[in-house]
Amino acid sequence: MTSKRIIAVLTMVACGAAASPALAQSSPYPGDDPAELFGYDIEVSETDSERVAENALRAVQRAGETAEEIKMVFGATRFEFVALKPDSMKVVEPELAKRQSDVLELQAAVESSSLFYTAMRSEGVAASDVIGADLADGDSGLTSEKRVTIYLAP
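As numbered in mature numbering (1 follows the signal peptide of the UniProt record, and there is no 0), residues -24 to -1, 1 to 130 make up the sequence shown, in order.
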């Protein structure tokens, strides 16, 4: 091998080694709190009320639209995870059966969003538990920043 080829190979190896961390998807260090890194609050609740059941029902009905909207969300001021109890699920189940493909699309959207995925992972929530989500405008007024409520099946 000639000296020019050796230099070319060494240059390619050096450039590849320097670029690989930049090309990799970054994730927070295991000890860091994702909520602090991304700047959002997390609230977890488990409730069984008629109002919560109706909100969850509307979220299931809009699952397809919400999945598309999640792709445009780049920031959140608050994540609220609402675990539905069996009585609330009775209200939601008929609509959930009708909109199964929309719910699967929603689950894929929350799992593919690093913001949503990190918030869910920090609370031990699996994407397969998500049945609906409600996105409200954040305090900043930016359309890409939201207050998020995620409804979870028991």
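Cβ coordinates follow ideal geometry from the N, Cα and C atoms, glycine included.
*asked:* For the beta strand (DSSP E) containing Lys122, name the first residue and the last one.
replied: Counting from one through the sequence shown, the residue named residue 122 turns up at place 146. First-last of the beta strand (DSSP E) with Lys122: 121 to 128.
*Whose C-beta lies closer than 7 Å to the C-beta of Val111 among residues of the same chain, with five residues either side of it excluded?*
In the sequence shown, the residue the question calls residue 111 occupies position 135. According to the sequence provided, residue 111 is Leu. The question's Val does not apply to it. Hits under 7 Å: Thr42, Glu45, Val49, Lys122, Val124.
*asked:* Quick check on Tyr5: buried or exposed, where buried means 16 or more other Cβ atoms within 10 Å of its Cβ?
replied: As a position in the sequence shown, residue 5 is number 29, starting the count at 1. Note that Tyr5 scores 48 on pLDDT, short of 50, meaning its location in the model is unreliable and no value can be drawn from it.
*Could you tell me the distance, in whole angstroms, from the CA atom of Leu80 to the CA atom of Glu30?*
Position 104 of the sequence shown holds residue 80. Position 54 of the sequence shown holds residue 30. So the two alpha carbons sit approximately 20 Å from each other.
_Three-state class that DSSP yields for Glu56 in the structure shown_ = Looking up residue 56 in the sequence shown gives position 80. Of the three classes helix, strand and coil, the one that applies to Glu56 here is strand, per DSSP.
*asked:* Quick check: what's the CA-CA separation for Ser25 versus Asp105?
replied: Along the sequence shown, read from residue 1 onward, the residue named residue 25 stands at position 49. Along the sequence shown, read from residue 1 onward, the residue named residue 105 stands at position 129. If you take the alpha carbons of Ser25 and Asp105, they lie about 19 Å apart.
*Counting only the same chain and skipping the five closest in sequence on each side, list residues whose C-beta sits under 8 Å from that of Ala102.*
On the sequence shown, residue 102 is found 126 positions in, with the first residue counted as 1. The residues are Met96.
*asked:* If contacts are defined as beta-carbon pairs under 8 Å, then Ala32 and Tyr127 qualify, I think. What distance do you get, rounded to the angstrom?
replied: Counting from 1 along the sequence shown, the entry for residue 32 is found at position 56. Counting from 1 along the sequence shown, the entry for residue 127 is found at position 151. Their Cβ separation, rounded to whole angstroms, is 4 Å, which keeps Ala32 and Tyr127 in contact under 8 Å.
*Identify which residue in Pro130, Val68, Leu72, Phe55 has its Cα closest to the Cα of Ser98.*
Here residue 98 corresponds to residue number 122 of the sequence shown, with the count starting at 1. Nearest of Pro130, Val68, Leu72, Phe55 to Ser98, Cα basis: Phe55.
*asked:* Taking the beta carbon of Asp78 as the centre, do at least 16 other beta carbons fall within 10 Å, making it buried, or is it exposed?
replied: Taking the first residue of the sequence shown as position 1, residue 78 is located at position 102. Buried, because 16 or more other Cβ atoms sit within 10 Å of the Cβ of Asp78.
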